[in-house]
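In order, the protein sequence lines correspond to chains A and B.
Read in order, the letters of the first sequence correspond to residues 2 to 377 in my numbering.
Read in order, the letters of the second sequence correspond to residues -11 to 375 in my numbering.
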Amino acid sequence: MALPIVPRGDVPPGERLDFFKHICPPAFGGANPDPITPDRTIFRALLVGIELLLSDGGRVPMWIIEDTSDGTRTFPSKTIRVVRNEVVRCHVQCRENTHTIHWHGIEPTPMNDGVGKHSFEVDGSFDYQWQPRAAGTYFYHCHKNTVLHFEMGLYGLLIIDPKEPAGSPVTAPYKDGGPGFCAAFSPDTGHVIPYDVEAFWVSDDIDSRWHTLGHNAFMMKCDPDDPANPANFTQDGFLNDFRPDIFVITGAARRITDPTPFTAADSPLIAPTVRVGQTLLVRVLSAGYENHQYTLGLDALQIASDGRAYGEPPFQQYSRPVPLPAGEPLRLSTARRTDLIIRPTTAGVFPVTIEYFHRVSGKKLYSATTSITVTP
Amino acid sequence: MNRRDFLKTGMAGIAFLSLKTLGCSSSNSSGYVGDTYALTIGAALFEMIDGNKVFMWSFEDPQSGPHMPGPVIRVEAGEALRIFITNTLGENHSFVIPGVVDSGIIAPGETAVVIFTAPAAGTYLYLDPLNAPVNRVLGLHGAMVVLPKSGNTPYSTPTPAVQQLFNDLGTTAHFPKHALTPAGWQQARSRIWLLNQVDPLFNERAENGVFIDPADMKANFLPRYFTINGKSGAFAAHDEEIELEGRIGQPMLVRLLNAGLFTHSNHLHANHFYVTAINNVVQENVLAHDTFTTGAEDKIDWLVPFIRPPDIAGDPGIPLRDLIPNELRLTIGGDVGVPQSPLVFPMHCHNEVSQTAAGGNYPQGMVTHFEFLGDLDGVDFPNADKM
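Put into structure tokens, the structure is as follows:
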């Protein structure tokens, strides 16, 4: 007996253009349609090709977003830091092709959200605008053919700093590495607490086979008259087949066969040093396509996730900070962030492992080691 | 009634099942009092988003035929339920709600009956656990939603934090209510997102009657399609039972279940959501996220507050029609453009591998829409009536 066939469904005639936009977003550029005088303006351009250097002399092509105000070209792309409640304008320039920037965790209007299918892809330049109301750890990335563009390195940290309390020697936005202030449950200090040293664990995994592909690799054909026609689909892509062979913490990379620990020589932002009695803030971003697991050799306190400080009223009054005891693993799937506070009580070198587990099989693919050094 | 809902049936309604096999008569002589359902375990070819047809098994509502996933079982906590399950396929299958009920093996051509009392309110996955994960991943799964007998939350025994969150919806300055609708979460404002993935190589083996080794599937599963309630890409984005739609001040509950093997990391734009239950553990510490994990067999509840996207530049007290009048008036893209109003954002899995179909074709994977049709004061955004 022939099997029944369950069709995928039809494109309703009234939604044909919306289906088309989903697949082939329009291009747009210029000024923001509803501009507000900014308190701070950020400049970014994309894309720029750089090479990621491996310890064995290997090089992996990457795409990054440049800070055009000072020419910074790094992987990950340069961290953006702004102050809570500021009106931020981000002048984004596309040097070739079209791109977008999505401010992950920041929640503005669709045109300022940087998703092509709900607004447009930037042709030339555009002034994105938003006003962040919650301090914490976010990131920004290109949201075009995202499966490839995010993998290629078109992303960076985005940090919303709370304004400094009166009398502070440092002013927001703070320098990467600290000292500074962050949002955390602290009723006596207006839910803003100081930290002395800051670390970034931006973990990523790279499939070097993907890093030879073109900008629009394996995209569909654009057909406004019949946008979802099966003939428009490419069948030769392999962007479902991610096999990482390089593992990264905050821009420092190792091949899968290279167990060399990550040290302060890679970056003090990865392997920080603090004194007994000081406060260390670690901002964690899981930026790969596998499941990343972080295990610390000393006690920590999870104070925030995804740019929301646990316990901060009114929106976070339903939660409190969560202890993360030494040796207890913390696992994050892609795009999740968490902020950890560590207040060491004894001197020593404390190990940190970041393990990468396969998204389907759960098999461990790589184990990275780094450390937190505590001096007396 | 939601068209995916399971149809309750009296004994007359199951007359098409083999009553001989059941040893059951229409007089309901067993003394059972409660709702009766019927399910058929069958097979069909399901068309993927790119037109490829893939063999899958499914739990079917005998009155409406094959559907991916199986029909939703919706019950109230403590209600009695009876389900007849007929296996029309050529190999053994079963029907299990883990921790609740287990039919045991249902041989080819046989019908089993399970009778049970609906457990505490929450989100449950029903499945065939035989040869796990093979039968589940190849389609034999569905959702059961248990609603509480009373209260203003989705749970029988909410934690203090969850109770406070639901009490605050529409009654506090941070969760103002929409002018024309009641305060609080309305039960009808709920979605089920049953996530799954398809690797056609395994489906082809099942179609050809080849035994699939579970260890092989766990090690080598390489999905080419990523679905929400059986749909992908633009079709999932435009499905009225999948997309989140509402007005500012109308919160919505989303129940995510993952029947597959891939770890999803679903990201909602425009609002952080509260994770209120994880695998039916109502949370003591209710954390807000913009991205959260739904691993294999996980059941995760999100409360989406539907607040005005909080980081829109400008005075939060000004209605959006006055703050962003030009954006709301814009149509970008000329002749093939779509108006910028109402406000539409995406939800997508941020493991972008799952945004593909057939190895590319971004974004035709696990994605849907999050639509704000109107402002807090009861005035809809332009074009809201066309959604």
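All residues carry an ideal CB built from backbone N, CA and C; glycine is no exception.
Output needed for residue 11(B): all residues of its chain with C-beta closer than 8 Å, excluding positions within five of it in sequence on either side, in chain order. For residue 11(B), the predicted structure reports a pLDDT of 32, less than 50, and the residue's modelled location is therefore unreliable. The matter cannot be settled from this model.
From the DSSP output, in three-state form, read off residue 354(B) for me. coil
Using the three-state DSSP reduction, which class does residue 263(A) fall into: helix, strand or coil? coil
Can you check which of these residues, 51(B), 151(B), 304(B), 330(B), is closest to residue 314(B) by C-alpha distance? 330(B)
Scan the region 268 to 282 of chain B for residues whose Cβ lies nearer than 8 Å to a Cβ of chain A and list them as they occur along the chain. 273, 274, 275, 276, 277, 278, 279, 280, 281
For the ligand FAD, any of its heavy atoms closer than 7 Å to the Cβ of residue 27(B)? Judged by which ligands are present, the structure shown has none, so any question about the ligand FAD falls away.
Taking beta-carbon pairs under 7 Å, can you tell me which members of the region 19 to 34 of chain A lie near chain B? 19, 20, 21, 22, 23, 24, 27, 29, 34
Does any residue of chain A have a CB that is nearer than 8 Å to the CB of residue 37(B)? yes
How is residue 130(A) classed by DSSP in three states: helix, strand or coil? strand
Excluding sequence positions up to five away, which residues of its chain have a Cβ less than 8 Å from the Cβ of residue 114(B)? 47, 58, 61, 83, 84, 85, 129, 130, 131, 132
Could you please tell me which residues of the region 292 to 324 of chain A, in chain order, have their CB closer than 8 Å to any CB of chain B? 292, 306, 307, 308, 309, 311, 315, 316, 317, 318, 319, 320, 321, 323
Any chance the region 48 to 56 of chain B sits against the region 91 to 111 of chain B, with 3 or more Cβ pairs inside 8 Å? no
Do residue 142(A) and residue 64(A) have their C-beta atoms within less than 8 Å of each other? no
What residue from 215(B), 335(B), 355(B), 349(B) has the CA that sits closest to residue 183(B)'s CA? For residue 183(B), the closest of 215(B), 335(B), 355(B), 349(B) by C-alpha to C-alpha distance is 215(B).
In chain C, which residues lie with their C-beta within 7 Å of the C-beta of residue 80(B)? The chain labelled as chain C is not found among the protein chains of the depicted structure, namely A and B.
As assigned by DSSP and simplified to three states, the class of residue 40(B): Here residue 40(B) carries a coil assignment [DSSP, helix/strand/coil].
Does DSSP put residue 103(A) in a helix, in a strand, or in coil? strand
In terms of residues, what are the limits of the beta strand (DSSP E) holding residue 251(A)? Looking at the DSSP string, residue 251(A) is not in any beta strand (DSSP E), and its letter there is neither H nor E.
Looking at the unbroken alpha helix (DSSP H) that takes in residue 254(B), where does it start and where does it end? Counting along the chain, residue 254(B) falls outside any alpha helix (DSSP H), though it belongs to the beta strand (DSSP E) covering 252 to 256.
Residues from the region 141 to 153 of chain A in contact with chain B, defined by Cβ distance under 8 Å: 146, 147, 148, 149, 151, 152
Consult DSSP for residue 220(A) and reduce its assignment to one of helix, strand or coil. coil
Beta-carbon separation of residue 299(B) and residue 131(A) under 8 Å? In contact: residue 299(B) and residue 131(A) (Cβ atoms closer than 8 Å).
What are the boundary residues of the beta strand (DSSP E) that includes residue 421(B)? Any question about residue 421(B) goes unanswered here, given that chain B covers just -11 to 375.
Whole angstroms is fine: what's the gap from residue 364(B)'s alpha carbon to residue 235(B)'s? 7 Å
Helix, strand or coil: how does DSSP classify residue 181(B) here? strand
Whole angstroms is fine: what's the gap from residue 287(B)'s alpha carbon to residue 249(B)'s? 13 Å
Would you mind sorting residue 268(A) into buried or exposed? The rule is 16 or more other CB atoms within 10 Å of its CB. buried
Just grab the DSSP bridge partners of residue 74(B) for me. 28(B), 99(B)
Is the number of C-beta pairs between the region 136 to 145 of chain B and the region 337 to 349 of chain B that are closer than 8 Å three or more? no
The alpha helix (DSSP H) enclosing residue 293(A), as first and last residue numbers: From DSSP, residue 293(A) is part of no alpha helix (DSSP H) but of the beta strand (DSSP E) over 292 to 297.
Apply the 10 Å Cβ neighbour rule to residue 352(B) and answer buried if 16 or more other Cβ atoms are within range, or exposed otherwise. buried
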